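Take a look at the structure below.
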């Protein structure tokens, strides 16, 4: 079956963009020269991923329609 | 401090109070001279508002001889990051700016106590991978039933427990049916 629709992701500003990014992961504070801190999310009982950190985003898709 | 209870296990159908991530809302789709352009907004989190009895009947109705109870769409409301909403930045990627709300003063305090009709503040338990969020009833939209069904397995996050989803539902109904007097 031929492709009826070919598309590229295009942002509203016209530049190419990736599809919506996956959820952000929690950041671990960097260790300092005087104090080394190792944080193990599993040991803290914290899940590595938290949802809802991002904002709604607009995605514009343009494509050429081919008809059989 | 958490103000809800949630259930983490996914049911066999879309339910009221379900929270999904990365749900799309189509703004427009136009075709001109063989070029189709589709604009959609992707919401990081939404909560299902449609009455659960309607969702249950829709789920059990499709294989029957008559599809009297079939739903065409499901009402959802976006859940915004509470901190971003208080700063007025939660819609900045859509080129929209809203007035900041001071958390430490009366407007923010009443919002967090769910005394502002437009908003519903949800502070999730610490074992739930969701930041404190605010449902904006003014921004409700509909998603097609089959679309939500198709993303349910991968994009379901959790579901508000019965009492808390009914609280959300009742507040949404009250907001929708409000009367603006001159």
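Protein chains in written order, with the working numbering: chain R, 99 to 166; chain D, 954 to 1135. Don't be surprised by glycine CBs; every beta carbon is placed ideally from N, CA and C. Please read these numbers as outputs of a predicted model, since none were measured by experiment.
In the displayed model, residue 993 of chain D falls within a strand according to three-state DSSP.
With at least 16 other beta carbons inside 10 angstroms of its own, residue 968 of chain D counts as buried. One thing to note: residue 1029 of chain D has its Cβ no nearer than 7 Å to the Cβ of residue 1088 of chain D.
At a cut-off of 3 residues, the continuous stretches assigned as beta strand (DSSP E) that sit fully inside the stretch 1057 to 1091 of chain D are 1072 to 1075 and 1086 to 1089.
For chain R, the residues of the stretch 1046 to 1065 of chain D that bring a beta carbon within less than 7 Å of one of its beta carbons are 1046 and 1047, in chain order.
Annotation: the continuous alpha helix (DSSP H) that includes residue 1012 of chain D extends over 1005 to 1014.
At a cut-off of 7 Å, the C-beta of residue 1103 of chain D has no neighbouring C-beta in chain R. With respect to residue 1108 of chain D, residue 1007 of chain D sits apart: the two C-beta atoms are not nearer than 7 Å. Assignment of residue 1104 of chain D by DSSP, reduced to helix, strand and coil, places it in the helix class. Contact of residue 1114 of chain D with chain R is not assigned, every C-beta pair being separated by 7 Å or more. For a cut-off of 8 Å, the C-beta gap from residue 1053 of chain D to residue 1040 of chain D is around 6 Å, short enough to register as a contact.
Judged by their CB atoms, residue 1027 of chain D and residue 1098 of chain D are nearer to each other than the 7 Å cut-off. DSSP places residue 1038 of chain D within a helical segment (H, G or I) once states are collapsed to three.
By the neighbour-count criterion, in which 16 or more other beta carbons inside 10 Å mark a residue as buried, residue 1072 of chain D falls on the buried side.
For the pair residue 1011 of chain D and residue 1055 of chain D, the Cα-to-Cα distance works out to about 42 Å. The C-beta distance from residue 1070 of chain D to residue 1131 of chain D rounds to 6 Å, short enough to fall under 8 Å. Residue contact check for residue 993 of chain D against chain R: a CB pair falls below 7 Å.
For residue 1123 of chain D, the closest alpha carbon among the candidates D/1102, D/963, D/970 and D/993 is that of D/970. The alpha-carbon of residue 1017 of chain D is positioned some 10 Å away from that of residue 1023 of chain D.
Shown here, residue 975 of chain D sits in a strand according to DSSP, grouped into three states. For residue 1127 of chain D, the enclosing alpha helix (DSSP H) stretches over residues 1115 to 1129. Scanning chain R for C-beta atoms nearer than 9 Å to the C-beta of residue 1084 of chain D yields 148, 149, 150 and 151, reported in chain order.
According to the DSSP secondary-structure assignment, residue 984 of chain D is paired through a beta bridge with D/989. With 16 or more neighbouring CB atoms inside 10 Å of its own CB, residue 972 of chain D falls in the buried class. Comparing C-alpha distances from residue 1106 of chain D to each of D/1068, D/1115, D/977 and D/965 shows the shortest one belongs to D/965. Close CB contacts of residue 1038 of chain D within its chain, under the 6 Å cut and outside five residues either way in sequence, are with 1087 (chain order).
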